[in-house]
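In my numbering, the protein residues as written are 219 to 296.
This report concerns only the one structure given below.
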């Protein structure tokens, strides 16, 4: 099950990111990164932008912490 935190939903609304877009990135991304806090990160191209999704896995749940879109080249796969 995918669970969205209150913070994630607020940021997604501010950033015009839909739940469907987040689910798509979670489903399609093949590479998972980890940040300094131990959060997992996946990303994929959505409408010409890179959508990055930060989450943690608890039991069999994915808890989405935040998501944002970026055009920064440093996140594009070579």
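Heads up, the beta-carbon is just placed ideally off N, CA and C, and yes, glycines get one too.
Predicted model only: the values in this text are computed from it and were never measured.
task = Output the distance between the C-alpha atoms of residue 230 and residue 260, rounded to the nearest integer angstrom.
result = 16 Å
ask   = Quick one: what's got a C-beta closer than 8 Å to residue 250's C-beta in the same chain, skipping five residues either side?
value = 258, 259 and 260
ask   = Excluding the five sequence neighbours on either side, which residues of its own chain have a C-beta within less than 7 Å of the C-beta of residue 226, listed in chain order?
value = Non-local beta-carbon contacts of residue 226 in its own chain, meaning distances under 7 Å to residues more than five positions away in sequence, involve 282, 283, 284 and 285 in chain order.
query = Out of curiosity, what's the CA-to-CA distance linking residue 262 and residue 278?
reply = 22 Å
inquiry  = I need the boundaries of the beta strand (DSSP E) containing residue 230, first residue and last residue.
reply    = It is not in any beta strand (DSSP E) - residue 230 instead sits in the alpha helix (DSSP H) that spans 224-232.
ask   = Which of the three DSSP states, helix, strand or coil, is assigned to residue 269?
value = strand
ask   = What's the call for residue 239, buried or exposed, on a 16-neighbour Cβ count within 10 Å?
value = buried
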